[in-house]
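Residue numbers 773 to 910, in my numbering, belong to the letters of the sequence shown in order.
Built from N, CA and C at the ideal position, the CB exists for glycine as well.
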Amino acid sequence: MAVIHFDSYTEARTHLKALLDAAERGRVATVRRESAVTALVDVERLRHYLATLIPSRAQVVPEAAGWSIFIPGLPVAADGATFDQAVAEMVEGLREYADDWQDHLLDVPNHRENWAVVQLISLSSDDQLREWLVGTAR
């Protein structure tokens, strides 16, 4: 069976191992709860897909006193005396934004559509976020 689906969370809980195994292998794994259907997806598979789908569009600007980084459309910017410091500050700023989004911005109209980038930030390590921001080796 390629698709794993359970029509209730009680049934899914009983078969949790099968549900998780299917998701980890990349199979469609879903659970219905009342009128909603939720999909389970392996974290690394989802993170990789989001990183591929969402370009960072980070703008890195050299300045007299160092570097600045911002992403158009996101309320996050960072500065640093060196390029690496600016990138590290940006990673920290992205993490803070993702926390704020989860806490209180997810229903705010001008932030609601940032769901995918928040997922990407939350599922990525600092190194993965650095790579997403500026690519691999410079």
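Worksheet entry | Candidates 880, 853, 847: closest to residue 868 by CA position | 847
Discussion item. Measuring alpha carbon to alpha carbon, tell me which residue in 877, 871, 875 is nearest residue 893.
Written reply: 871
Worksheet item: Of the residues 881, 824, 877, 796, which one's Cα is nearest the Cα of residue 905?
Response: 824
Worksheet item: Are there 16 or more other CB atoms within 10 angstroms of the CB of residue 786, so buried, or fewer, so exposed?
Response: exposed
Worksheet item: How far does the beta strand (DSSP E) with residue 777 in it reach, from first residue to last?
Response: 776-778
Worksheet item: Between the beta-carbon of residue 799 and the beta-carbon of residue 775, is there less than 9 Å?
Response: yes
Worksheet item: Exposed or buried, residue 826, counting other C-beta atoms within 10 Å across all chains shown (16 or more means buried)?
Response: exposed
Practice prompt. Would you mind giving the Cβ-Cβ distance between residue 851 and residue 858, rounded to the nearest angstrom? I have them listed as a contact below 8 Å.
Written response: 6 Å
Worksheet item: Which full runs of the alpha helix (DSSP H) of 4+ residues lie inside the segment 786-873, going along the chain?
Response: 788-797, 815-825, 855-872
Discussion item. If I measure Cβ to Cβ from residue 792 and keep anything under 6 Å in the same chain, skipping five residues before and after, which residues do I get?
Written reply: none
Discussion item. Tell me which residue opens and which closes the alpha helix (DSSP H) that residue 901 is part of.
Written reply: 898-906
Worksheet item: Expressed to the nearest angstrom, what Euclidean distance is found between the alpha-carbon atoms of residue 789 and residue 896?
Response: 25 Å
Discussion item. Which residue marks the beginning of the alpha helix (DSSP H) containing residue 889, and which one marks its end?
Written reply: 887-895
Worksheet entry | C-alpha distance - residue 844 paired with residue 884, whole-angstrom precision | 16 Å
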